[in-house]
Every structure is written in C-alpha cells, then in structure tokens.
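*Asks:* In the numbering used here, the protein residues as written are 774 to 922.
Glycine included, each C-beta is placed from N, C-alpha and C at the ideal position.
Handing you a structure now.
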Amino acid sequence: MGYSPDVPRHAKMARPGDVHALAMAMPAVSVELHAPGRPVYQVGGKSFVFYRSPRPDAVDPVTGERYDDVIVLWVASAEDKEALLLGRGAPLFTTAHFYSHNSVLLRASHVHELAYDELRELVQDAWLARAPVSRARAWLAQQGPGPEP
Numbered sequence: 774m775g776y777s778p779d780v781p782r783h784a785k786m787a788r789p790g791d792v793h794a795l796a797m798a799m800p801a802v803s804v805e806l807h808a809p810g811r812p813v814y815q816v817g818g819k820s821f822v823f824y825r826s827p828r829p830d831a832v833d834p835v836t837g838e839r840y841d842d843v844i845v846l847w848v849a850s851a852e853d854k855e856a857l858l859l860g861r862g863a864p865l866f867t868t869a870h871f872y873s874h875n876s877v878l879l880r881a882s883h884v885h886e887l888a889y890d891e892l893r894e895l896v897q898d899a900w901l902a903r904a905p906v907s908r909a910r911a912w913l914a915q916q917g918p919g920p921e922p
C-alpha cells in the first residue's frame with residue numbers, strides 16, 4: 774500500500790465512518806466494544822483495526838492533551854509499516870509503544886486526509902495481515918487479478 778500525498782482532486786476523500794463500513798465489509802468480521810466508542814474489529818479472533826484508549830505516548834504537541842481518537846491498523850510486516858510511515862504527508866504515525874508492533878496509527882480526525890481508496894486498502898491489508906491464511910487466500914481469489922504493473 775502506498776499513501777500518495779498527491780491525491781487527485783477528483784478522488785473521493787475518506788470519512789471517519791468509512792473505517793467501520795470498510796472493516797465490516799470484510800468477510801467473517803466480528804466487532805466488540807472494549808469501551809464506549811472504541812470498537813475492535815476482529816477476524817478469526819484476532820484484531821485487525823481498533824480504536825485505542827488515550828495513552829501518554831500520543832499527545833497533542835501544543836496542549837499536551839492525550840489524543841482520544843487513535844485508530845490502530847495492522848500491517849503485514851515491519852517493512853510495510855516503514856514504507857507507510859515514510860510516505861510524505863501521510864497522516865499515519867507510530868509511537869514508542871508501537872515501535873515493535875506491526876501496525877500504524879491514524880487519528881480519526883485525520884481520516885479525511887486519505888482518499889477513500891487509500892483507506893480501503895489500509896483496512897483490507899490490515900484484515901489480510903490477521904485473517905487465517907485459508908480465508909485470506911479465498912478472499913484474494915474472489916477479488917480476481919489485480920491491475921497490470
């Protein structure tokens with residue numbers, strides 16, 4: 774997945790509610806509420822997208838207030854995480870708590886900085902990173918061949 778800071782003007786931009794819709798559109802997804810307004814989306818008993826509670830490692834640099842809208846999205850590998858985080862202008866980030874975790878963070882209040890297609894790819898890739906192999910293969914097979922390189 775490659776976040777593009779040069780989103781075409783005609784691209785549909787993502788909205789915070791799209792996270793829920795996209796996660797629930799994936800096969801065999803369950804959702805739990807660990808706290809009010811903090812859903813955890815799971816496949817095969819493993820979380821792939823979740824809204825975390827405010828923590829002292831993610832704070833507003835001006836006010837010092839803890840971010841209360843951080844979304845965690847799983848990625849397949851440390852290399853994928855690094856590639857996503859190196860994208861110029863991307864609203865994705867990490868914190869010391871998540872350095873060794875195969876995930877990226879996104880504030881719900883910054884979802885609109887992503888094109889809808891980019892958010893869809895992030896959520897689908899998160900699902901693929903956590904889904905049982907047989908289920909992931911079946912879903913990929915249903916998607917058909919991708920675009921020619």
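Which residue's Cα is closest to the Cα of P864: R880, A909, V816, K819?
*Replies:* R880
*Asks:* Helix, strand or coil for R880, going by three-state DSSP, please let me know.
*Replies:* In the structure shown, R880 sits in a strand (DSSP, three-state: E or B).
*Asks:* Is the beta carbon of V906 less than 8 Å from the beta carbon of I844?
*Replies:* no
*Asks:* Go ahead and pull the three-state DSSP assignment for Y889.
*Replies:* In this structure, Y889 counts as helix in the three-state DSSP scheme.
*Asks:* Helix, strand or coil for H783, going by three-state DSSP, please let me know.
*Replies:* coil
*Asks:* Leaving out five residues before and five after G817 in sequence, what residues of the same chain have Cβ atoms less than 8 Å from its Cβ?
*Replies:* A801, R903, A904, P905, R908
*Asks:* Going by C-alpha to C-alpha distance, which of M799, Q815, A798, S826 sits closest to A808?
*Replies:* S826
*Asks:* Just reading off the alpha helix (DSSP H) that E855 is part of, what are its end residues?
*Replies:* First-last of the alpha helix (DSSP H) with E855: 851 to 859.
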